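In UniProt numbering, the protein residues as written are 1 to 124. Don't be surprised by glycine CBs; every beta carbon is placed ideally from N, CA and C. Predicted, not measured: the structure shown is a model, and the values here were computed from it. Remarks on the structure that follows.
This is the structure:
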């Protein structure tokens with residue numbers, strides 16, 4: 001039987017604990033994988049020694065076509081951000097993804113603009 005087999009409950013969906021997906025690891029092997037970092041596939045083939053799980057492959061598919069923030073990928077895959085960071089660290093070590101750090105704070109919107117947006121949303 002394959003290591004990648006996921007137990008599935010017809011009503012609940014996959015029944016696998018997050019730490020099992022990350023093979024018990026809680027930290028990424030790379031410090032580059034920030035919550036707001038953007039990730040894109042390099043398009044390189046997986047090395048022969050790389051043991052990629054189903055979740056690794058799903059993650060690669062999610063970043064194949066475009067740059068995407070780590071938090072967006074986690075949301076799409078339905079995995080905790082910590083697990084996605086660990087899996088991305090694995091892919092980064094194998095050269096399968098490229099990670100760009102988040103924008104500088106100077107390029108981010110100002111606090112006053114964010115407050116205006118929040119107030120506008122509340123007014124809806």
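- Residue 36 is not a Cβ neighbour of residue 80, given a cutoff of 7 angstroms.
- Beta-bridge pairing by DSSP links residue 100 to 38.
- With at least 16 other beta carbons inside 10 angstroms of its own, residue 74 counts as buried.
- The Cβ atoms of residue 86 and residue 39 do not sit closer than 7 angstroms to each other.
- For residue 59 against residue 88, the beta-carbon gap comes to about 7 angstroms, under 8 angstroms, which counts as contact.
- Residue 49 counts as exposed, since fewer than 16 other C-beta atoms from the protein chains shown sit within 10 angstroms of its C-beta.
- With contacts defined as CB atoms closer than 7 angstroms, residue 63 and residue 41 qualify as a contacting pair.
- Across the structure, residue 54 and residue 112 are spaced so that their CA atoms are roughly 43 angstroms apart.
- DSSP links residue 68 through a beta bridge to 39.
- Burial is judged here by how many other beta carbons sit within 10 angstroms of a residue's own beta carbon; residue 83 has at least 16 and is buried.
- Within the same chain, and ignoring the five residues on either side of residue 77 in sequence, the residues whose Cβ sits closer than 8 angstroms to its Cβ are 55, 58, 59, 62 and 84.
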